[in-house]
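Residue numbers (my numbering): 1092 to 1686.
Beneath this line is the structure, given in structure tokens, with notes to follow.
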RNA sequence: GGUUCCGUAGCUCAGUUGGAUAGAGCAACAGCCUUCUAAGCUGUGGGUCCCGCGUUCGAGUCGCGGCGGAAUCACCA
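What follows is the structure, given as structure tokens:
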């Protein structure tokens, strides 16, 4: 409609003032609720053609359009805003079209689909997942769904940081202080068991440092010379040398962690197409660096370490190979980026990584660009903000880390308590109830995290976030289940409803507001894919659910006697439920049929 | 100090390519369950959109300069 109106405005200006108008100068938007009309044309930019007051110009254009375009039945001008009223006939046809669209995602397809890699999660294998990982996983998975829905080919990848000094710490502590306990003997989830020994290591290590400092050693010295640290470094060397004993311990403990992660991923409802392990890739990238050196893109220091000079790009010097020839983090990422490009020829490679690594990805792109890899423009750091507690950052030292598994369990428990308190779900089996509690709890958690702009840091208040009222996932689920209930009831009482055909329409403002929202769905999904922001969809779903709830209260749906009006309301309900379902699906939130 | 990001109601957050009187939820107060699910709906109160200057018919939105907060600036990953 907007497009047609634009044409009409162009035509009007041409006819009245004999001037050609640039498309961009014609601004059309929906009329605000408080004013009469459906669409509004902002006339200010057109004054240069009319050389007249905004009011006069609006009048002139308005009357031209009313006289030359039957879909517009009337108009009014307030200040510089020309409000056009669209005829009922047009709306009826429009509703019919909307109601006939079975898949509301079809309009979101992009013209040129791309191959996109989304890398997310990227855990370390020495600790269980925490709240920060939850944000990462939910964002990554949702991006995958949104980009796929727009017709792109999306590959979900996860790169597991399974090697290095941190995992040796857990291994060493388990060897020294453990009594051979395993996940099955202790009844502990594997990742939590390994994490326990990591914490134990840090505790003992700190104690050793304290003793050394008391004995007069300075702190840095103490950190290096503490016996536990020495042992850990020895273990890392053994690991790198492929010592069979260390390798088998490493494999065993990592397998525990993976089993634990898998459980958490499953609960979160996320998965991956390909999982990479750093133990396989940490040596890659050397060849690329050496080639870069040959081409004089990089330079060698006196101590034979290799560097990139990024000062022309406004960045710093960056080390790429140590003097002993070993690789660093950046080297690895260079290697995997090139390898993946060769394998997939991706258009985009999206890294879902916290904003603490902004600099790292800036450097990564700059180096690849310097080396002549033009596809480096397709490397996108999807940078999200930290999750903080009301007291500030989560600190493992202070035990304020919010564990992922604990939080999920807590959300589901709360869902159960709230449901039972409200006296819902009578007549369901215990198994069915548990399934519904799970969906509600997860919706509360996922929605809470996804509704905020990913770029921003967010505050997680353990007491308040477990809210099920207002702008929350459960509210949207509730709205959806209510609609389901309406249709169950309709079926029971034998009320028929025709999905596609509408011949008349009830003139009512509320419905129009709801419709305005409904038709924005494809546009919202597209914008969300463009900005890589699931939050747009989340907030949209809330607005829609809220609008529907008002509609639900203001109008009787099944109790309406006029079959045409009743059918109209049923169609709106049906379309709303479908869009809510799809919107939440894009966020990875499951919808219960009842709650 | 350099770079990047953020600053909107007491709290948590929305706010479309710059458009009309800046919106929700939570918290507070007052109403609404014999009628399709009250996890809901209606109403009241609550604002120097961090500050200043500029661009513009028009700025929460764009530009510049401050102030405040976060992240980062390793031969860690």
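Beta carbons are placed, not taken as given, at the ideal position from N, Cα and C, and that holds for glycine.
Spanning the alpha carbons of residue 1315 and residue 1413 requires a straight line of approximately 20 Å.
Per DSSP, residue 1248 lies in no alpha helix (DSSP H); the unbroken beta strand (DSSP E) holding it starts and ends at 1244-1251. Residue 1209 holds the alpha-carbon nearest to the alpha-carbon of residue 1440 among 1209, 1129, 1483.
Within the same chain, Cβ atoms closer than 7 Å to the Cβ of residue 1462 are found at 1383, 1388, the five residues on either side in sequence being excluded. Using a Cβ distance threshold of 7 Å, residue 1529 and residue 1568 do not count as a contacting pair.
Secondary structure remark: continuous alpha helix (DSSP H) runs of at least 4 residues inside the segment 1398-1437, in chain order: 1420-1435. For the beta strand (DSSP E) assignment, the segment 1539-1617 encloses no uninterrupted run of at least 3 residues. In the three-state reduction of the DSSP assignment, residue 1500 falls in the helix class. Residue 1206 is positioned such that its CB atom lies closer than 7 Å to that of residue 1435. Pairwise C-beta distances place the segment 1216-1227 in contact with the segment 1488-1498, as three or more of them are shorter than 8 Å.
Per DSSP, the beta-bridge partners of residue 1445 are 1475. By the CB criterion at 7 Å, residue 1548 and residue 1482 fall outside the cutoff. In chain order, 1604, 1605, 1608 place their CB closer than 7 Å to the CB of residue 1638, counting only its own chain and leaving out the 5 sequence neighbours on each side. With contacts defined as CB atoms closer than 7 Å, residue 1361 and residue 1566 fail to qualify as a contacting pair. Each of 1305, 1319, 1187 was checked against the Cα of residue 1295, and the nearest Cα belongs to 1319. Going by C-alpha positions, residue 1107 is about 24 Å away from residue 1122. By the C-beta density criterion, residue 1332 is exposed, having fewer than 16 other C-beta atoms within 10 angstroms. In this structure, residue 1400 sits near residue 1408, with a CB-CB distance shorter than 7 Å. Beta-bridge partners assigned by DSSP to residue 1439: 1207. For a cut-off of 8 Å, the C-beta gap from residue 1505 to residue 1557 is around 5 Å, short enough to register as a contact. Residue 1280 carries a coil assignment under DSSP once its states are collapsed to helix, strand and coil.
With respect to residue 1476, residue 1546 sits close: the two C-beta atoms are nearer than 7 Å. In its chain, beyond the 5 residues on either side, 1668, 1684, 1685 have a beta carbon closer than 8 Å to the beta carbon of residue 1575. Residue 1489 and residue 1614 have their C-alpha atoms spaced approximately 45 Å apart. DSSP places residue 1176 within a strand segment (E or B) once states are collapsed to three.
Secondary structure of residue 1492 (DSSP, three-state): coil. The shortest CA-to-CA distance from residue 1213 to any of 1203, 1204, 1226 is the one to 1226. Judged by beta-carbon spacing, residue 1661 lies within the 7 Å limit of residue 1588, meaning their Cβ atoms are closer than that value. For residue 1619, the closest of 1651, 1583, 1424, 1240 by C-alpha to C-alpha distance is 1240. If you draw a 10 Å sphere on the C-beta of residue 1602, you find 16 or more other C-beta atoms in it, and that means buried. In the DSSP annotation of this structure, residue 1355 is not part of any beta strand (DSSP E); the continuous alpha helix (DSSP H) holding it starts and ends at 1335-1359. In chain order, 1247, 1248, 1249 place their CB closer than 7 Å to the CB of residue 1363, counting only its own chain and leaving out the 5 sequence neighbours on each side.
Contact check for residue 1649 against residue 1580 passes: the beta carbons are separated by less than 7 Å. Residue 1137 holds the alpha-carbon nearest to the alpha-carbon of residue 1148 among 1157, 1156, 1137, 1158. Here residue 1155 carries a helix assignment [DSSP, helix/strand/coil].
Here residue 1423 is buried, its C-beta having at least 16 other C-beta atoms within 10 Å.
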